[in-house]
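A.B. asks: The structure follows.
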Amino acid sequence: MLQKILSRILGCALLLYGSTALGFTLIEFTNEQSTPSNKITDATSAETEIQPIAAAIRAQLLSHRRLKGSGGVAQAGRLLAANTPADSRSDFDPLALVLSQASGAGGGKSGGGGTESLWISSTSNSLENDFFRTAFYGASHNLLAGFDVTRSDRYVLGVSAGHEASNYVTSFNAGNQKVRGFNVSPYFAYLLSDTWSVDLILGYGDFDTRQSRTIGTGLLSTAAVDSEFSSTRGFVSTNLTNVSAWGNWNLTGALGLLASRREQDAYVERIGGTTFTSVAGSKQTIEQWNLVGEAAYSRGASELYAGLLYERTRDPVKAQFASGEQPADDPDSVVLTAGWRHFGKGLTANFVFSKRLALDQVNEYGFSMMIRVDL
Numbered sequence: 002m003l004q005k006i007l008s009r010i011l012g013c014a015l016l017l018y019g020s021t022a023l024g025f026t027l028i029e030f031t032n033e034q035s036t037p038s039n040k041i042t043d044a045t046s047a048e049t050e051i052q053p054i055a056a057a058i059r060a061q062l063l064s065h066r067r068l069k070g071s072g073g074v075a076q077a078g079r080l081l082a083a084n085t086p087a088d089s090r091s092d093f094d095p096l097a098l099v100l101s102q103a104s105g106a107g108g109g110k111s112g113g114g115g116t117e118s119l120w121i122s123s124t125s126n127s128l129e130n131d132f133f134r135t136a137f138y139g140a141s142h143n144l145l146a147g148f149d150v151t152r153s154d155r156y157v158l159g160v161s162a163g164h165e166a167s168n169y170v171t172s173f174n175a176g177n178q179k180v181r182g183f184n185v186s187p188y189f190a191y192l193l194s195d196t197w198s199v200d201l202i203l204g205y206g207d208f209d210t211r212q213s214r215t216i217g218t219g220l221l222s223t224a225a226v227d228s229e230f231s232s233t234r235g236f237v238s239t240n241l242t243n244v245s246a247w248g249n250w251n252l253t254g255a256l257g258l259l260a261s262r263r264e265q266d267a268y269v270e271r272i273g274g275t276t277f278t279s280v281a282g283s284k285q286t287i288e289q290w291n292l293v294g295e296a297a298y299s300r301g302a303s304e305l306y307a308g309l310l311y312e313r314t315r316d317p318v319k320a321q322f323a324s325g326e327q328p329a330d331d332p333d334s335v336v337l338t339a340g341w342r343h344f345g346k347g348l349t350a351n352f353v354f355s356k357r358l359a360l361d362q363v364n365e366y367g368f369s370m371m372i373r374v375d376l
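Numbering (the numbering used here), first residue to last: 2 to 376.
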């Protein structure tokens, strides 16, 4: 099973980055009522599905510091710091000095920088599309658990697994949609210098969708059109990150790339037990680059921070109707974040609120929390 999943992850990565001429996906509809729910929600919710996974993993790699008493292994800013005694956020030694120490100095768990950690993260997002021809609203939830390990001063290697669930009321076709599935994501980060790091995240997910829409069958009479199908999703994300510190302030900047591919099986819509219509299988590809900026103020063992994530989608999925007013299909969006981190001895906690901005017809709010324990 694990070998199958890893092979699919690598296959998705090759497909996503091996193609140099992927055009945008155009989805054309006759009218709102004849449109299956997922045809609209999939075009809007891709970022809502993937970003919580990528953000949670980056939080482990890039945004906190590990403590193990007086001989702790430290991690600060958005990259691994290595072996230096650390009792609070404010006593962090510059990475350049840390890297010049012998690998056994200050020892971690094994005296040579080795340490293992377990973490759990929960994210909830509220999503609404308020354009009358594609209107829907609902929420998605993501529960992740992960394990990572270091065996030197320069890298982190780990894997996470999680459960995803989303429920939407699809007003545009008087219906609903429920999605359940799992995801698995191996990840890796490497320290390039005292201020620069690079990370790579791969992801694979398998999902089951149940949905319904309502059609008119006569004068003052309607019928529910039901369907269910399976789908898979792969993604790859990589980021180049820089960290600088001035007193109690830590400033972080990162440039990243994300690509995802969704493959949906063909399915049949039914009224009762009778086949109503058949829907062909489909593939959807998204390529996106992003720019991150964050400012954090540390005091004692805690810090407050605010960040901004700019996303630019190349050739976005476009939903288009045969006539009439069309959806905006914005290629750009901005996510504003604000949160609090606490760094205890062997325990790290992170709480963050988010709000997606700069989209004409989409509103999104999110909250996530993370607890990490060093073993």
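Think of the CB as a built atom: it goes at the ideal place given N, C-alpha and C, for glycine as much as any other residue.
So the candidates are ALA146, LYS284, PHE344, ASP331; which of them puts its Cα closest to the Cα of THR45?
C.D. replies: Checking every option, the nearest Cα to that of THR45 belongs to ASP331.
A.B. asks: In or out: ALA57 buried (at least 16 other Cβ within 10 Å) or exposed?
C.D. replies: buried
A.B. asks: Measuring straight from C-alpha to C-alpha, what distance separates LYS284 and SER232?
C.D. replies: SER232 has its alpha-carbon roughly 10 Å from the corresponding atom of LYS284.
A.B. asks: Where do the N-terminal and C-terminal ends of the beta strand (DSSP E) with ASP149 fall, by residue?
C.D. replies: Secondary structure note for ASP149: its beta strand (DSSP E) is the uninterrupted segment 137-151.
A.B. asks: Tell me whether PHE322 sits in a helix, a strand or coil according to DSSP, three-state version.
C.D. replies: strand
A.B. asks: Look at the alpha carbon of SER213 and the alpha carbon of THR223, and state the distance between them as a whole number of angstroms.
C.D. replies: 13 Å
A.B. asks: Please name the residue, chosen from LEU252, LEU241, SER261, that lies closest to TYR419 on a Cα-to-Cα basis.
C.D. replies: The shown model of the chain, from 2 to 376, leaves out residue 419, and the question about it has no answer.
A.B. asks: Can you tell which of ASP131, ASN168, ASP149, VAL150 has its C-alpha closest to the C-alpha of ASN143?
C.D. replies: Closest by alpha carbon: ASN168.
A.B. asks: Taking the alpha-carbon of LEU158 as reference, which of ALA323, ASP227, GLN61 has the nearest alpha-carbon?
C.D. replies: GLN61
A.B. asks: Could you give the uninterrupted runs of the beta strand (DSSP E) lying entirely in the segment 155-229, keeping only those of 3 residues or more?
C.D. replies: Listed in chain order, they are 156-171, 176-192, 197-219.
A.B. asks: Have a look at THR151 and LEU192 and give me their C-alpha separation to the nearest angstrom.
C.D. replies: 12 Å
A.B. asks: Can the beta-carbon of SER369 be found less than 8 Å from the beta-carbon of SER186?
C.D. replies: no
A.B. asks: Does the separation of the CB atoms of GLY182 and PHE208 fall below 8 Å?
C.D. replies: With contacts defined as CB atoms closer than 8 Å, GLY182 and PHE208 qualify as a contacting pair.
A.B. asks: DSSP on GLN265, reduced to helix/strand/coil?
C.D. replies: If DSSP states are grouped into helix, strand and coil, GLN265 belongs with the strands.
A.B. asks: For ASP43, does the three-state DSSP call read helix, strand or coil?
C.D. replies: In this structure, ASP43 counts as helix in the three-state DSSP scheme.
A.B. asks: Along the chain, which unbroken stretches of the beta strand (DSSP E) at least 3 residues long are found entirely within the segment 238-291?
C.D. replies: 250-265, 268-272, 275-280
A.B. asks: Helix or strand or just coil, what does DSSP make of ARG373?
C.D. replies: strand
A.B. asks: Out of LEU292, SER38, LYS179, TRP120, point me to the one whose CA is closest to MET371's CA.
C.D. replies: TRP120
A.B. asks: For LYS179 and ARG263, I'd like the C-alpha separation in whole angstroms.
C.D. replies: 17 Å
A.B. asks: Does the Cβ-Cβ distance between ILE202 and ALA47 come in under 8 Å?
C.D. replies: no
A.B. asks: Which residues mark the beginning and the end of the beta strand (DSSP E) in which ARG315 is found?
C.D. replies: 303-315
A.B. asks: Just how far apart, CA to CA, sit ARG134 and ASN174?
C.D. replies: 9 Å
A.B. asks: Report the residue from ASP316, GLU117, PHE189 whose alpha carbon sits nearest the alpha carbon of TRP290.
C.D. replies: Ranking the options by Cα distance to TRP290, first place goes to ASP316.
A.B. asks: Does VAL363 have its Cβ less than 8 Å from a Cβ in chain D?
C.D. replies: Absent here is chain D; the protein component of the structure consists of one chain.
A.B. asks: Looking only at C-alpha atoms, which of SER118, LEU256, ASN126 sits nearest to VAL160?
C.D. replies: SER118
A.B. asks: Hey, could you find the ends of the beta strand (DSSP E) SER355 is sitting in?
C.D. replies: 348-358
A.B. asks: What are the boundary residues of the beta strand (DSSP E) that includes PHE344?
C.D. replies: 333-345
A.B. asks: Quick check on this structure: which residue in ASN126, ALA166, SER141, SER198 has the alpha carbon closest to the alpha carbon of TYR156?
C.D. replies: SER198
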